[in-house]
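Chains as they are written, first to last, in the working numbering: chain A, 1 to 136; chain B, 1 to 136.
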DNA sequence: CATATCTGTAACGTTTAATATTACAGTACA
DNA sequence: TGTACTGTAATATTAAACGTTACAGATATG
């Protein structure tokens, strides 16, 4: 699993806890333990989808754009990691019945697996993640 | 997703199609397009769990040990890739409420996700994969 | 019983993907 | 006009995946 997904969750959770003021990529990166540029890359995806807003210049940063319960982990997964479940098989032997067909069979199975995972992730919103973080 | 999982599925499917005679790691590796040593490594795991038998020396190789419908993709996943869904987050900042708690919150969520995936993978046995490969 | 053919496994090398870093243009504020 | 941000591309570094070599042990076969 790609860590862009968890970085996005981490960032959104942090933003959710300070809905009134902006957070810079540096503050977020210190919380998440990664480089600020990575945060900006991931958050630019989330911005593109309207989950957050950003502002450049002094006093700028990132801020939540929607209600906490409007964003599910599945939404975030689709943006940051869609297809990540799909294993990248090497090209197998076309002259073998198994080699020739396995790839598309597996593709179908993993497609179904991702959809199934979606059912699970849809049930978690950022609001719930925030509650879990606060409680613990 | 680790490709050991798909290699195991590939190998078992091939073995399932020739239940009467042994297949060498070289034959399997040619079908799957990887190095024979990798096949032997993956298959040694499957052997350890009793899914297949192996024989060394001339005329040796690997052969199915159970009924095709006794092995589900979930069984194989657990052997080859358990925990693969769990993203490896960097150590985050303990002085931040988000950084300090996010890791265990995410751990719990991904644990649940893997269990949920299990429900899906349990429904596919090697027999069904074989049928899909034959049909297509 | 000597040789060829396999598995089993460790050690090492190579390739590829993930991540960090640097750099700098553009924006906004004071 | 200088300072503090985002946005993004280019490059460097690190880590993971994978391939390769090597060889010991097992087993059939001539």
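Glycine included, C-beta positions come from ideal geometry on N, C-alpha and C.
Let me know the secondary structure DSSP gives residue i once reduced to three states.
i	result
residue 84 of chain B	coil
residue 107 of chain A	helix
residue 13 of chain A	helix
residue 71 of chain B	coil
residue 51 of chain B	coil
residue 100 of chain B	helix
residue 61 of chain B	strand
residue 6 of chain B	helix
Checking contacts by CB at 7 Å: is residue i closer than that to chain A?
i	result
residue 87 of chain B	yes
residue 30 of chain B	yes
residue 58 of chain B	no
residue 1 of chain B	yes
residue 6 of chain B	yes
residue 42 of chain B	no
residue 77 of chain B	no
residue 35 of chain B	no
residue 106 of chain B	yes
residue 117 of chain B	yes
Compute the distance between the beta-carbons of residue i and residue j, then report whether it is under 7 Å.
i	j	result
residue 105 of chain B	residue 132 of chain A	yes
residue 68 of chain A	residue 126 of chain A	yes
residue 37 of chain A	residue 4 of chain A	no
residue 85 of chain A	residue 102 of chain B	no
Does any CB atom of chain B fall closer than 7 Å to the CB of residue i?
i	result
residue 90 of chain A	yes
residue 113 of chain A	yes
residue 15 of chain A	no
residue 132 of chain A	yes
residue 98 of chain A	yes
residue 46 of chain A	no
residue 102 of chain A	yes
residue 10 of chain A	yes
Mind reading off the beta-carbon distance from residue i to residue j? Whole number of angstroms is fine, and I expect it under 8 Å.
i	j	result
residue 33 of chain B	residue 92 of chain A	4 Å
residue 13 of chain B	residue 129 of chain B	5 Å
residue 22 of chain A	residue 61 of chain A	3 Å
residue 121 of chain A	residue 81 of chain A	Not a contact, Cβ separation roughly 10 Å.
residue 39 of chain A	residue 25 of chain A	4 Å
residue 109 of chain A	residue 77 of chain B	That belief does not hold up - the Cβ atoms of residue 109 of chain A and residue 77 of chain B are roughly 11 Å apart, past 8 Å.
residue 116 of chain B	residue 116 of chain A	7 Å
residue 17 of chain A	residue 52 of chain A	Residue 17 of chain A to residue 52 of chain A, Cβ: 14 Å. No contact.
Measuring CA to CA, which of the options is closest to residue i?
i	options	result
residue 20 of chain A	A:27, A:64, A:4	A:64
residue 135 of chain B	A:119, A:114, A:100	A:100
residue 90 of chain A	B:17, B:27, B:31	B:31
residue 44 of chain A	A:66, A:8, A:16	A:8
residue 74 of chain A	A:48, A:17, A:56, A:114	A:114
residue 83 of chain A	A:35, A:118, A:16	A:118
residue 59 of chain A	A:27, A:88, A:17	A:27
residue 107 of chain B	B:94, B:95, B:87, B:96	B:87
residue 48 of chain A	A:15, A:116, A:79	A:79
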